[in-house]
Amino acid sequence: ERARIAGTLNLVDPSEDESAFLARALERPMPLNEILSEVRDVQTGALVYAASLMAVDRRQPVNRYYLRYLAARLQLSDELTASLE
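Number 91 in this note's numbering belongs to position 58 of the sequence shown; there are no gaps in the numbering.
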């Protein structure tokens, strides 16, 4: 799962800070509110969303609801989330 997330994130060319942020989140899982409180810009929000896309099974209704909730909390546009998906 981590390799899949890392491979996908490399496609969006994250900055060193963004990569470090996601690495910390994977190594030391935090409550969602803590993760979201550290997201300062759209690029980082998009990376968090992309990592979630790779980690969940989108066929499950609960995961689709989670992704919608996450996109709303990160203030990501429908266009951006559609392009990430």
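Where is the CB? At the ideal position from N, CA and C, for every residue including glycine.
Close Cβ partners of residue i (< 6 Å) along its chain, the five nearest in sequence each way excluded
i: R106; result: L69
Contacting residues, own chain, Cβ-Cβ under 8 Å from residue i (five flanking each side not counted)
i: Q108; result: V75, G78
i: N96; result: V89, D90
i: V45; result: A79, L80, A83
Assigned exposure category for residue i - 16 Cβ within 10 Å defines buried
i: V72; result: buried
i: P47; result: buried
i: E51; result: buried
Start-to-end residues for the alpha helix (DSSP H) that takes in residue i
i: E60; result: 49-60
Neighbourhood of residue i by C-beta distance below 7 Å, restricted to the same chain and skipping five residues each side
i: S85; result: L100, L103
i: A53; result: none
i: R35; result: L59
#### Entry: 4-residue-minimum alpha helix (DSSP H) runs that sit fully inside the stretch 62-115, ordered along the chain
Runs found: 65-71, 75-88, 94-106.
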